Amino acid sequence: MRAQAAANEDGTTFTLTNGVWSNIYPLTELQDWAIFYRRCREEHPKALNSYDDTITAIEALQAQLGR
Numbered sequence: 055m056r057a058q059a060a061a062n063e064d065g066t067t068f069t070l071t072n073g074v075w076s077n078i079y080p081l082t083e084l085q086d087w088a089i090f091y092r093r094c095r096e097e098h099p100k101a102l103n104s105y106d107d108t109i110t111a112i113e114a115l116q117a118q119l120g121r
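The sequence shown begins at 55 in our numbering and counts up one residue at a time.
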């Protein structure tokens with residue numbers, strides 16, 4: 055299952071989902087999470103592309119929100 059990031063109806067949070075795991079974060083932290091997952095990909099090369107779907111989902115939400 056591909057990772058998904060979606061803004062919530064309250065306009066202040068987003069939900070990040072990957073498989074059976076999901077969590078809700080403030081939209082003000084969206085960029086911080088993008089940085090975090092990019093850094094994880096760089097620091098853990100043995101993980102191969104395991105962070106790519108999450109990064110793509112966050113970047114898609116950023117584009118949707120114009121950030």
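Even glycine gets a Cβ: it sits at the ideal position worked out from N, Cα and C.
Source: prediction; values computed, not measured.
Where residue i and residue j are concerned, what is the direct C-alpha to C-alpha distance, given to the nearest angstrom?
i: L70; j: N77; result: 6 Å
i: F68; j: A111; result: 11 Å
i: K100; j: Q116; result: 27 Å
i: Y91; j: I109; result: 6 Å
i: G73; j: T66; result: 23 Å
i: R121; j: E97; result: 25 Å
With distance defined between alpha-carbon atoms, name the residue in the options nearest to residue i.
i: A57; options: D107, T82, Y79 and R121; result: D107
i: Y105; options: R95, E113 and T82; result: R95
i: L119; options: D86, W87, L81 and D64; result: L81
Across which residues does DSSP place residue i in a beta bridge pair?
i: I78; result: T69
i: Q58; result: T71
Residue i: buried (16+ other C-beta within 10 angstroms of its C-beta) or exposed?
i: L84; result: buried
i: W130; result: The structure shown does not extend to residue 130, since the chain spans only 55 to 121, so no value can be given for it.
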